[in-house]
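Residue numbers are given in full-length UniProt numbering: position 21 of the sequence shown equals residue 21, and the series is strictly consecutive.
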Amino acid sequence: MRKADQLYINGEWTTPVDGTVQELTDPATGRCGGRVVLGGAGDVGRAVRAAREAFPAFGATSPAERIELLEAIGAEYARRAEDMAQAVTAELGSPISLSRSLHVPAAQPQFHHAAEALGRMDLVDRRGTTWVRREPIGVCALITPWNYPALQPAGKVASALAAGCTVVLKPAQAAPYSALLLAEILDAAGVPAGVFNLVLGRGSVVGDVLNAHEDVDMVSFTGSGPVSVGVSAAAAPTAKRVLTELGGKSPQIVLPDADLDIAVSTAVLYGLGNSGQTCGAASRTLVPRDRLGAFLDALTARIDGLRVGDPQAEDTFMGPVVSHGQWVTVQGYIHQGIDAGARLVTGGPGKPALPAPLEGGHFVRPTVFADVGNDMAIAREEIFGPVLSVIAYDSVEEALGMANDSPFGLCGYVTSSHPGRARAVAEQMRTGYVLINDADFDFNTPWGGYKQSGNGREWADFGIGEYLETKSIVGVTA
Ligand code: NAD
1 MRKADQLYIN GEWTTPVDGT VQELTDPATG RCGGRVVLGG AGDVGRAVRA AREAFPAFGA
61 TSPAERIELL EAIGAEYARR AEDMAQAVTA ELGSPISLSR SLHVPAAQPQ FHHAAEALGR
121 MDLVDRRGTT WVRREPIGVC ALITPWNYPA LQPAGKVASA LAAGCTVVLK PAQAAPYSAL
181 LLAEILDAAG VPAGVFNLVL GRGSVVGDVL NAHEDVDMVS FTGSGPVSVG VSAAAAPTAK
241 RVLTELGGKS PQIVLPDADL DIAVSTAVLY GLGNSGQTCG AASRTLVPRD RLGAFLDALT
301 ARIDGLRVGD PQAEDTFMGP VVSHGQWVTV QGYIHQGIDA GARLVTGGPG KPALPAPLEG
361 GHFVRPTVFA DVGNDMAIAR EEIFGPVLSV IAYDSVEEAL GMANDSPFGL CGYVTSSHPG
421 RARAVAEQMR TGYVLINDAD FDFNTPWGGY KQSGNGREWA DFGIGEYLET KSIVGVTA
């Protein structure tokens, strides 16, 4: 059983001044898996004060000093990689093979990517006697979700520190273990006291205080749309910058000339991987009507061969969803799909049959619906579970129209054996990121959404840019 009874504030582990205890469930068994302490308003106050006091010195460090620090963090992170993989599996229920092959390898290099990007950035643009300087915005609240519990904090912390900001991290309540480990890593790497602070806690307590705090200059929020509305409203009176990275309902367009094997791999990896709990999940699959039968046959055959079960087993493809609440939400969408008249191709309501102690875990059967209308709830709303909605189309124009007919615009996928056609379709997708065929996900390029998927970008130089203010100095003669 994992236990943590302290928060990390001002460079030390400290007992909360107004803490409460939270029990955490092991997603794979439904039993108690850990106990952590949550902070309250007093702890946020201490953390913000520490970050404010650390800012003048840290904000004045040179890019070279920050690059050295970021590389030291990356090296320490690499040393703790297996601990981080185990932490992610314990809190999220992610198969250990996925924690090792995706969660940690996506998170750990964020520090090196930020160091490299900072090295390339010109923070002073000299236009004659007018200089345009880019300076750190100040104290930043970093609020993160549970579905990529290593990557989300790593990306935000790396960018903010690269910019010269000081931070208070509030991770999701469901996923505190990886954040606690991140604090240990930053401490061991020599991050100066007050530059990084960690306060575990409820959104409605810790989050609310951070949103409205006069001494917080920016909130960087990744999470759901409805919560972001409250964050932005609470931040408005202090006119602080609010960066939002929100949900999606990302389309995969399988073009008429697509290799079906690649199309199926994309749907399985990006639609069902991580139990479908991915903001950019390929959850809507648009398939030419005359290839629908062949696509569904190949997809079901692939899914039948996937192991769903024990996250600690090396060959498990899919573990549970994170919580009972998430399980209930996903079941609700499966029932809605059936009630709306979509055709259940595989999977469906209920849990897969699993041996003890997994029978109490939050497992969902990988589910595919065909004959889905783009106006059905299962095609429009983010399910955040392993449920694919397959939609038939008659022309590429129609497919593009349906792909873009969404309140979201986070990610898109194109499958085609013609590189030029694939790129042309990718360029017409109203999303912030598009993956063509079996390209590897690139975690060192801007990430973020159009429309209701958010207003900013994370990672690389674009990620750092979000944490910078711009200052013009006119009349520089020395
Ligand atoms: P959520 O919105 O419920 O919570 C996100 C974070 O906000 C948590 O830390 C939560 O405690 C906190 N929070 C809750 N109320 C708050 C308040 N009043 N003030 C400040 N913070 C508050 O989201 P979730 O369930 O943790 O995560 C899933 C969502 O995140 C999905 O919609 C998913 O698409 C999205 N997501 C987006 C990206 C992206 O990069 N665009 C990445 C990962 C997840």
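By construction, the Cβ of each residue, glycine as well, lies at the ideal position given by its N, Cα and C atoms.
**Request:** Assuming glutamate 469 and isoleucine 185 form a contact by the criterion Cβ under 8 Å, report the distance between their Cβ atoms to the nearest whole angstrom.
**Result:** Translated into the one-based positions of the sequence shown, residue 469 becomes position 469. Translated into the one-based positions of the sequence shown, residue 185 becomes position 185. Contact between glutamate 469 and isoleucine 185 does not hold, since their C-beta atoms are separated by about 28 Å, which reaches or exceeds 8 Å.
**Asked** When you compare each of Phe369, Tyr8, Ala64 to valine 168 by their alpha carbons, which one comes out closest?
**Response** One-based indexing of the sequence shown puts residue 168 at position 168. Per the Cα distances, Tyr8.
**Prompt:** Since glutamine 110 and tryptophan 459 are thought to touch, with beta carbons under 8 Å apart, how far apart are those beta carbons, to the nearest angstrom?
**Reply:** For the purposes of this step, residue 110 is taken as the residue at position 110 of the sequence shown. For the purposes of this step, residue 459 is taken as the residue at position 459 of the sequence shown. Indeed, because the Cβ distance is near 7 Å, the residues count as touching under 8 Å.
**Per-residue DSSP class, three states only, for phenylalanine 317** = One-based indexing of the sequence shown puts residue 317 at position 317. Three-state result, phenylalanine 317: coil.
**Request:** Could you tell me the distance, in whole angstroms, from the CA atom of glycine 201 to the CA atom of leucine 38?
**Result:** For the purposes of this step, residue 201 is taken as the residue at position 201 of the sequence shown. For the purposes of this step, residue 38 is taken as the residue at position 38 of the sequence shown. About 4 Å.
**Item:** CA nearest to the CA of aspartate 217, picked from Asn197, Ala239, Val205, Arg430
**Value:** Locating residue 217 in the sequence shown gives position 217, counting from the first residue. When each option's Cα is compared against that of aspartate 217, the closest is Ala239.
**Message:** Looking at the strands, I want to know which residues DSSP matches up with threonine 470.
**Reply:** Here residue 470 refers to the residue found at position 470 of the sequence shown. Threonine 470 is bridged to Arg134.
**Message:** Could you check whether glutamine 312 and isoleucine 96 sit closer than 8 Å to each other, using their CB atoms as the reference points?
**Reply:** The residue you call residue 96 lines up with position 96 of the sequence shown. The residue you call residue 312 lines up with position 312 of the sequence shown. In contact: isoleucine 96 and glutamine 312 (Cβ atoms closer than 8 Å).
**Request:** Give me the Cα-Cα distance between proline 149 and threonine 130, rounded to the nearest whole angstrom.
**Result:** Your numbering for residue 149 matches position 149 in the sequence shown. Your numbering for residue 130 matches position 130 in the sequence shown. If I take the Cα positions, the gap works out to 43 Å.
**Message:** What does the Cβ neighbour count give for residue 479, buried or exposed, with the cut at 16 atoms within 10 Å?
**Reply:** Here the chain covers residues 1 to 478 and nothing more, so residue 479 does not appear.
**Request:** Leaving out five residues on either side along the sequence, give the residues of the same chain with a beta carbon under 7 Å from the beta carbon of glycine 42.
**Result:** Counting from one through the sequence shown, the residue named residue 42 turns up at place 42. Excluding positions up to five away in sequence, the list reads Val17, Asp18.
**Item:** glutamate 12, enclosing beta strand (DSSP E) - first and last residue
**Value:** Here residue 12 refers to the residue found at position 12 of the sequence shown. Counting along the chain, the beta strand (DSSP E) containing glutamate 12 begins and ends at 12-14.
**Request:** Please go through the same chain and pick out, in chain order, the residues whose beta-carbon is closer than 7 Å to the beta-carbon of glutamine 331, but skip the five residues on each side of it.
**Result:** Against the sequence shown, residue 331 aligns to sequence position 331. Short of 7 Å from the beta carbon of glutamine 331, and not among the five residues preceding or following it, lie these beta carbons of its own chain, in chain order: Pro349.
**Prompt:** Rounded to a whole number of angstroms, what is the C-alpha to C-alpha distance between threonine 300 and leucine 151?
**Reply:** Along the sequence shown, one-based indexing puts residue 300 at 300. Along the sequence shown, one-based indexing puts residue 151 at 151. Threonine 300 and leucine 151: Cα-Cα distance of roughly 31 Å.
**Message:** With three or more beta-carbon pairs closer than 8 Å as the criterion, would you say the region 247-257 touches the region 403-420?
**Reply:** Segments in contact, yes.
**Request:** Please state if the CB of isoleucine 473 and the CB of arginine 133 are separated by a distance shorter than 8 Å.
**Result:** Stepping through the sequence shown from its first residue, residue 133 is reached at position 133. Stepping through the sequence shown from its first residue, residue 473 is reached at position 473. For arginine 133 and isoleucine 473, yes; Cβs fall inside 8 Å.
**Asked** Taking Cβ to Cβ, would you say alanine 174 is nearer than 8 Å to valine 387?
**Response** Position 174 of the sequence shown, counted from the first residue, corresponds to residue 174. Position 387 of the sequence shown, counted from the first residue, corresponds to residue 387. Taking 8 Å as the Cβ cut-off, alanine 174 and valine 387 do not qualify as a contacting pair.
**Request:** Kindly indicate which residue of Gly412, Gly293, Ser417 has the alpha-carbon position closest to the one of alanine 370.
**Result:** Stepping through the sequence shown from its first residue, residue 370 is reached at position 370. If we check each option's Cα against that of alanine 370, Gly293 comes out closest.
**Message:** Can you check whether the C-beta of glutamine 331 is within less than 8 Å of a C-beta belonging to chain B?
**Reply:** Given the protein chain composition of this structure (a single chain), no chain B is represented.
**Message:** Taking 8 Å as the threshold (C-beta atoms), are isoleucine 67 and glycine 119 in contact?
**Reply:** Counting from 1 along the sequence shown, the entry for residue 119 is found at position 119. Counting from 1 along the sequence shown, the entry for residue 67 is found at position 67. In this structure, isoleucine 67 lies closer than 8 Å to glycine 119 by Cβ.
**Prompt:** Ordered along the chain, which non-local residues of its own chain (more than five positions away) have a Cβ less than 8 Å from that of valine 264?
**Reply:** One-based indexing of the sequence shown puts residue 264 at position 264. These residues qualify, in order along the chain: Phe295, Ala298, Leu299, Arg302.
**Prompt:** Which residues does DSSP pair with methionine 218 in a beta bridge?
**Reply:** For the purposes of this step, residue 218 is taken as residue 218 along the sequence shown, with counting starting at 1. Partner(s): Cys140, Arg241.
**Asked** Out of Ser416, Lys351, Pro176, which has the shortest C-alpha to C-alpha gap to isoleucine 143?
**Response** Counted from its first residue, the sequence shown places residue 143 at position 143. Cα-wise, what sits closest to isoleucine 143 is Pro176.
**Asked** Do you know whose CA, among Gly34, Ser417, Pro355, lies nearest serine 178's CA?
**Response** Residue 178 sits at position 178 when you count from the first residue of the sequence shown. Checked all of Gly34, Ser417, Pro355; the closest Cα to serine 178 is Gly34.
**Message:** For the ligand NAD, is there any heavy atom lying closer than 7 Å to the beta carbon of serine 232?
**Reply:** One-based indexing of the sequence shown puts residue 232 at position 232. No, the Cβ of serine 232 stays beyond 7 Å of every heavy atom of the ligand NAD.
**Message:** Just verifying my parser: in three-state terms, what is the DSSP assignment at arginine 126?
**Reply:** Counting from one through the sequence shown, the residue named residue 126 turns up at place 126. Here arginine 126 sits in strand by DSSP.
**Prompt:** When you compare only the Cα positions, how much space is there between proline 288 and glycine 207?
**Reply:** Locating residue 288 in the sequence shown gives position 288, where the first residue counts as 1. Locating residue 207 in the sequence shown gives position 207, where the first residue counts as 1. When rounded, the distance between both Cα atoms is 45 Å.
**Message:** Rounding to the nearest angstrom, what Cα-Cα distance links residue 529 and leucine 210 in this structure?
**Reply:** Within the shown structure, residues of the chain are numbered from 1 to 478, placing residue 529 beyond reach of any answer.
**Asked** Buried or exposed: which applies to methionine 1, given that a residue is buried once 16 or more other Cβ atoms fall within 10 Å of its Cβ?
**Response** Residue mapping note: residue 1 aligns to position 1 of the sequence shown, counting from 1. Under this definition methionine 1 is an exposed residue.
**Span separating the alpha-carbon of serine 417 from that of leucine 161** = Position 417 of the sequence shown, counted from the start, is the residue given in the question as residue 417. Position 161 of the sequence shown, counted from the start, is the residue given in the question as residue 161. Cα to Cα, serine 417 sits roughly 42 Å from leucine 161.
**Request:** Could you tell me how far apart the beta carbons of proline 145 and glycine 93 are, in whole angstroms, since I believe they sit closer than 8 Å?
**Result:** Locating residue 145 in the sequence shown gives position 145, counting from the first residue. Locating residue 93 in the sequence shown gives position 93, counting from the first residue. Contact doesn't hold; Cβ gap of about 15 Å is too wide.
**Prompt:** Among Ile391, Ala87, Arg52, which one has its Cα closest to the Cα of asparagine 374?
**Reply:** For the purposes of this step, residue 374 is identified with residue 374 of the sequence shown, where counting begins at 1. Per the Cα distances, Ile391.
**Contact between the region 226-233 and the region 191-201 (3+ Cβ pairs under 8 Å)** = no
**Request:** Answer yes or no: do tyrosine 467 and alanine 75 have a C-beta to C-beta separation smaller than 8 Å?
**Result:** Position 467 of the sequence shown, counted from the start, is the residue given in the question as residue 467. Position 75 of the sequence shown, counted from the start, is the residue given in the question as residue 75. No; because the gap between Cβ atoms is not below 8 Å, this pair is not in contact.
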